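Notes follow the structure.
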Amino acid sequence: MHSTMVKVVAALCFSWIFAAHGFLAPFLPRRSLVEPLQMGIFDSIMKAFDNEEYSAPPEGIKASARHILVKSPQEVDMVMEKLKDGEKFANVAADFSTCPSARQGGSLGSFSPGTMVAEFDKVIFDPNTELGQVVGPVQTQFGYHLIVVDKRTGV
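So this is what it looks like as structure tokens:
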């Protein structure tokens, strides 16, 4: 009798599971491997591995920098005047930069090549860019940057 009861309970459980699945199946999303393939997701991943533009920088190359981002050449001139008059970079960044880093005095922290836009990286990781000096303006898609490279390693 015990084994019969177990079979009945098991049959009821399976029937509830199949009934629930049958009831919910029309509402569940159907996913297949074909959709991502058609969307080109795997093509993008392969491109990242094959394309030198996407290759990782050599291990150990890092920089730390600060910047002030403004929208126009006129604002660049005004900010440069303030810096020439001796105002601290962090204060000018806090007052005039449109970047969220303004709250940290323009500090971008430490980063590797490829983290920032190409025009920015070119200046930051150029061994000829003097540490601690205001460089710029450097124009990018975001506006005009006045940059100070504080530290560079592995270059």
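Here the sequence shown stands for residues 1 to 155, numbered as in the UniProt record's numbering.
Glycine included, each C-beta is placed from N, C-alpha and C at the ideal position.
Values in this document were obtained by computation on a predicted structure and should not be read as measured data.
- Counting C-beta pairs closer than 8 Å gives three or more between the region 107–118 and the region 58–69, which meets the contact rule.
- Taken atom to atom, the span from the alpha-carbon of VAL70 to that of ARG152 is near 24 Å.
- Residue pairing for PHE111: DSSP places it in a beta bridge opposite ALA63.
- One alpha carbon belongs to LYS88, the other to GLN104, and they sit about 13 Å apart.
- Annotation for LEU83: the continuous alpha helix (DSSP H) segment containing it runs 73–84.
- Sequence-distant partners of ASP121 (beyond 5 residues in either direction) whose C-beta falls short of 8 Å from its own C-beta, in its chain, are PRO113, GLY114, THR115.
- With a threshold of 16 other beta carbon atoms within 10 Å, ALA93 meets it and is buried.
- According to the DSSP assignment, ASP126 belongs to no beta strand (DSSP E), since it is labelled neither H nor E.
- Using a 10 angstroms sphere on the CB of PRO137, the tally of other CB atoms reaches 16 or more, which defines it as buried.
- Taking a C-beta distance under 8 Å as the contact criterion, GLU119 and THR140 qualify as a contact pair.
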